[in-house]
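Note that the working numbering gives residue 423 to position 215 of the sequence shown, counting from 1, and the numbers run on in steps of one.
The C-beta atom is built at its ideal place from N, Cα and C for all residues, glycine as well.
Right, one structure below, let's go through it.
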Amino acid sequence: MNKPNFSEDSHSLRDTREFIWLSDIHYDAYYGEDSAVGQCKSLSPKYGQRECDSPKDLVQSALSEMTKTLHSTDFVLITGDFLRHETSKLVDSIVETKNMLGDLNELIRSYFPENLSIIPSVGNNDVTPDYYLDINNASETLNTLNEVFLPFLREEEISTFSRGGYLARNVTDLLTILSLNTIVYSSSHKPEPHRTIEDPFGQFQWLRSQLEIARSSKRVVYISGHISPSIGSYRHSQLWRDSYLQRYYLIVNDYTDVIRGQLFGHIHSDEF
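In structure tokens, the structure reads:
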């Protein structure tokens, strides 16, 4: 496909910055088939319907529309849940989840210029079973995530992404995105460890060090992730475990001069 022209130089002269924010795509490669989520089997509408996850036609249509804004886009942020619900019900859930995620990420990458930053965050539906990431034995899952998210990653980000599913990206002369892996902080995270692990994958220590680097470099930061450190608006329950929530807010409170935004997905609603 022909990709629209994109110039980083023209963006550096603008006072106003813009970005595309995608979240909870929930792509279902089996939409319209027997393996689709819910009642979305044969004879389903081309672009989807209520109680269904997203068919490929819908994803492609949305991506195509987004490319019309690229003349003013500095980066693309995707805050998790790339994939459908109920991947654990697929015949070979691990292989099929990996294949779907890899295909979707290649599709997304194909719609945008190679020099346009795309910053992903891992969502709870991007692992199988849902919310499952064994902190004590995570290497296989993290290596798979590293492989399927490779179209979006830069070489210097691979080490932290393969270690814990998180990354830092400078997207403008002054702005850094810190993308967190929030699955491990979730109240629904599985499997539950025998004891609380204070800092899964060393992510809190890394977050503080990145914020310190930003401060010393006079940069500002957006923190992004999938599951927000808040009360969920759907079930009205706390989305993070208490110990992780408290530690996160201690860090955030220490860097209010640096953090300009916290951008999360998961709850399928626009909230401030």
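- About 5 Å separates the beta carbons of residue 333 and residue 291, which is inside the 8 Å limit, making them a contact pair.
- Inter-segment contact for the segment 264-281 and the segment 296-308 is absent: fewer than three beta-carbon pairs are separated by less than 8 Å.
- Between residue 352 and residue 296, the CB-CB gap reaches or exceeds 7 Å.
- Between residue 363 and residue 375, the CB-CB gap reaches or exceeds 7 Å.
- Cβ contact annotation for residue 427 (same chain, cutoff 6 Å, sequence separation greater than five): 382, 384, in chain order.
- In this structure, the straight-line span from the alpha carbon of residue 246 to that of residue 369 is close to 32 Å.
- The alpha-carbon of residue 438 is positioned some 17 Å away from that of residue 329.
- Between residue 233 and residue 274, the beta carbon gap of about 12 Å keeps them out of contact (Cβ cut-off 8 Å).
- Straight-line measurement puts the Cα of residue 422 at about 32 Å from the Cα of residue 340.
- Looking at the DSSP output, residue 227 shares a beta bridge with 283.
- Non-local beta-carbon contacts of residue 249 in its own chain, meaning distances under 8 Å to residues more than five positions away in sequence, involve 240, 241, 242 in chain order.
- With 16 or more other Cβ atoms inside 10 Å of its own Cβ, residue 377 counts as buried.
- Assignment of beta-bridge partners to residue 339 by DSSP yields no partner.
- According to the DSSP secondary-structure assignment, residue 426 is paired through a beta bridge with no residue.
- Between the C-alpha atoms of residue 455 and residue 461 there is a straight-line separation of about 10 Å.
- Just so you know, the alpha carbons of residue 357 and residue 313 end up roughly 7 Å apart.
- In the structure shown, residue 449 falls within a coil segment according to DSSP collapsed to helix, strand and coil.
- Taking the Cα positions, residue 471 is about 6 Å away from residue 431.
- For residue 268, the enclosing alpha helix (DSSP H) starts and ends at 264-274.
- When 410, 434, 224, 342 are compared, the shortest CA-CA separation from residue 399 is found for 342.
- Between residue 409 and residue 371 a beta carbon distance of about 6 Å is seen, short of the 8 Å cut, so the two are scored as contacting.
- Per DSSP, residue 468 lies in no alpha helix (DSSP H); the unbroken beta strand (DSSP E) holding it starts and ends at 467-472.
- Assignment of residue 389 by DSSP, reduced to helix, strand and coil, places it in the coil class.
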